[in-house]
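Using the numbering used here, read the sequence shown as starting at 65 and increasing by one per residue.
Working notes, structure below.
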Amino acid sequence: MAVYSYKAKTASGETAAGKLDAVDRDTVVDLLRSRGLLPMEISEVSVLDREIKLKKNRAIALGDISLFCKQFYTMINSGVTIIGSLDLLRKQTENAHLAKILTRMYEDVQKGVSLSDSMKQDKDAFPAIVISMIEIGEISGSLDTVLDRLSVYIEKENRVKQKIKTAMVYPKVLSVIAIVVIAFMMTFIVPNFVAMFKNIGGQLPLPTRILLWISNLFKNPWFLASLAIIIPASVYSFRKFKKSDKGRYFISWISLKLPVIGKNTRKLIASRFSRSLGLLLRTGVSLIQSLEVVENVLGNVIVSKALEKVKEDIKRGSGLAEPLEGIGIFPLMVNHMISIGEEAGSLDSIVEKVADFYDDELDASISKMVTMLEPLMIVVIALMVGGIVIAMILPVFSMYKGLR
């Protein structure tokens, strides 16, 4: 699928411009006409321009999006127009990236472009569910209600994300300290220490020789230059790989299969699935349409693909619980609670309770994992440093044996 840049005329004669993902130019024409726009210019965006666009359209922090939804809701609910609200929001937001996007949205809406269509031009900046929900709110005439619920939804999502980030701070700090200490020892301490024994003569023990060889590598400018090239290149390649279809599939697969991480990933997906589904159903969206939106917010291509089969089963007359259990990804409690919700006719409220439950479960699991990880990392660091020290003092024992 390619990216196309377009210029078109609105019903009022204003010029609208933007970018669309489409298979070919004819599809772009059809999409523009379906939105009431008359195409004037259409051109395919080059790969380089696409890379620049991705950098410009970086994701906005969830905290900023939650605040945006909350303030937008307050203004709309108080009777301020969409244009007036966007004008105020773009002027008062402290996020420069968001302010730039809101300014473009403000100009688009003035030209007759719908709010959701304008947001789609920055789909990498906003979560898919935000754009979909705002589109639903525009169609149903309940934009204020949708924004209110979105702010609560995103706030909870952000809380989970921040818990995970906070939990990983200490292990990251320990890792950095370990790398710095070991690099310092290998570069400055080990060579000076071992040089004393070289002057005495005799062959150094094997562990000491290995240690000295590694230490010499750290002092070799060619080795350091190679690292300066290899590390950034590897990071760049891995990031490109993550964005490819194979990369997304691999990351999704391994995140579900790893022993401890896999269990927590399933809890996170269960929480995100349940909360997103509850939000959409409570707003009046059909089950099929809700699942189509939810597919794009789970962050796991394997689960999203599995939901395609669930949708097909529902179209053939099945409920949600049975096909969901059939894909074998979600915890049993999710399937059981959804079954109860379908029977009671209260699926929206049930799945929201499921989301809250798995938020608490995930919080407890992360805390437990970090509690176990901290002493384990300290032991690993102690063993590495201890190994270096032992390799340095082995020649002392060799000398002592020689004297005897």
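Positions of the beta carbon are idealized from the N, C-alpha and C atoms, including for glycine.
Next item on the list: Assign Ile106 to one of three DSSP states: helix, strand, or coil.
Entry: Taking the sequence shown and counting its residues from 1, one reaches residue 106 at position 42. In the structure shown, Ile106 sits in a strand (DSSP, three-state: E or B).
Note to self: Check whether the stretch 93–101 and the stretch 162–173 touch, using three or more Cβ-Cβ pairs below 8 Å as the test.
What the structure shows: no
Next item on the list: Identify every residue that forms a DSSP beta bridge with Gly409.
Entry: As a working mapping, residue 409 is identified with position 345 in the sequence shown. In DSSP, Gly409 forms no bridge with anything.
Next item on the list: Look at the alpha carbon of Gln267 and the alpha carbon of Pro459, and state the distance between them as a whole number of angstroms.
Entry: Position 203 of the sequence shown, counted from the first residue, corresponds to residue 267. Position 395 of the sequence shown, counted from the first residue, corresponds to residue 459. Roughly 9 Å between the two C-alpha positions.
Next item on the list: Give, in chain order, every unbroken run of the alpha helix (DSSP H) that is at least 4 residues long and sits entirely within the stretch 177–205.
Entry: 179–184 and 192–204
Item checked: Selection from Leu179, Val109 and Gly77 that minimises the alpha carbon distance to Ser69 -> Here residue 69 is taken as the residue at index 5 of the sequence shown, counted from 1. Comparing Cα-Cα distances from Ser69 to each of Leu179, Val109 and Gly77, the minimum goes to Val109.
Next item on the list: Could you tell me which residues DSSP pairs with Ser69 in its beta bridges?
Entry: Numbered from 1 along the sequence shown, position 5 holds the residue referred to as residue 69. Ser69 is bridged to Lys83 and Ser107.
Checklist line | Whole-angstrom distance between Ser178 and Ser76, CA atom to CA atom | finding: What you label residue 76 is simply residue 12 of the sequence shown in a count that begins at 1. What you label residue 178 is simply residue 114 of the sequence shown in a count that begins at 1. About 13 Å.
Next item on the list: Leaving out five residues on either side along the sequence, give the residues of the same chain with a beta carbon under 6 Å from the beta carbon of Ile445.
Entry: If you number the sequence shown from 1, residue 445 lands on position 381. Answer for Ile445: Ala242, listed in chain order.
Notebook entry, point to check: Is the distance from the Cβ of Val224 to the Cβ of Ser335 below 8 Å?
Noted result: Locating residue 224 in the sequence shown gives position 160, where the first residue counts as 1. Locating residue 335 in the sequence shown gives position 271, where the first residue counts as 1. Closer than 8 Å, so yes.
Notebook entry, point to check: Under 8 Å between the Cβ atoms of Val367 and Leu355?
Noted result: For this step, residue 367 is matched to residue 303 along the sequence shown. For this step, residue 355 is matched to residue 291 along the sequence shown. Leu355 is positioned such that its CB atom lies no closer than 8 Å to that of Val367.
Notebook entry, point to check: Can you tell me whether DSSP reads Asp88 as helix, strand or coil?
Noted result: Sequence index remark: in the sequence shown, residue 88 carries index 24 (1-based). Coil.
Checklist line | Neighbourhood of Ala289 by C-beta distance below 7 Å, restricted to the same chain and skipping five residues each side | finding: In the sequence shown, the residue the question calls residue 289 occupies position 225. Cβ contact annotation for Ala289 (same chain, cutoff 7 Å, sequence separation greater than five): none.
Margin query: Buried or exposed, going by whether 16 or more other CB atoms sit within 10 Å of the CB of Met401?
Written below: To locate residue 401, count along the sequence shown from 1; it is residue 337. The residue in question, Met401, is buried, as its Cβ has 16 or more Cβ neighbours within 10 Å.
Margin query: Could you tell me the alpha carbon to alpha carbon distance between Leu112 and Lys164, rounded to whole angstroms?
Written below: Position 48 of the sequence shown, counted from the start, is the residue given in the question as residue 112. Position 100 of the sequence shown, counted from the start, is the residue given in the question as residue 164. Summary for Leu112: the model assigns pLDDT 46, below 50, so the residue's position carries little reliability; its value from the coordinates is reported in the next sentence. Approximately 22 Å between the Cα atoms of the pair.
Check: Going straight from the alpha carbon of Thr272 to that of Pro255, what length do you get?
Finding: For this step, residue 272 is matched to residue 208 along the sequence shown. For this step, residue 255 is matched to residue 191 along the sequence shown. Going from the Cα of Thr272 to the Cα of Pro255 covers about 11 Å.
Margin query: Assuming Arg168 is part of the alpha helix (DSSP H), what are its boundary residues?
Written below: Along the sequence shown, one-based indexing puts residue 168 at 104. Taken as a continuous stretch (DSSP letters only), the alpha helix (DSSP H) holding Arg168 covers Ala160 to Gln174.
Next item on the list: Using a threshold of 8 Å, state whether the C-beta atoms of Leu162 and Phe136 are closer than that.
Entry: In the sequence shown, counting from the first residue as 1, residue 162 sits at position 98. In the sequence shown, counting from the first residue as 1, residue 136 sits at position 72. Cβ distance not < 8 Å, so Leu162 and Phe136 don't count as in contact.
Next item on the list: Out of Thr329, Pro387 and Thr347, point me to the one whose CA is closest to Asn364's CA.
Entry: Locating residue 364 in the sequence shown gives position 300, counting from the first residue. With distances taken between Cα atoms, Asn364 lies closest to Thr329.
Next item on the list: Hey, could you find the ends of the alpha helix (DSSP H) Ala123 is sitting in?
Entry: Residue mapping note: residue 123 aligns to position 59 of the sequence shown, counting from 1. Taken as a continuous stretch (DSSP letters only), Ala123 belongs to no alpha helix (DSSP H), as it is neither H nor E.
Checklist line | Span of the alpha helix (DSSP H) around Val358 | finding: Here residue 358 corresponds to residue number 294 of the sequence shown, with the count starting at 1. Note, Val358: alpha helix (DSSP H), Leu351 to Val358.
Notebook entry, point to check: How is Thr329 classed by DSSP in three states: helix, strand or coil?
Noted result: As a working mapping, residue 329 is identified with position 265 in the sequence shown. Three-state result, Thr329: helix.
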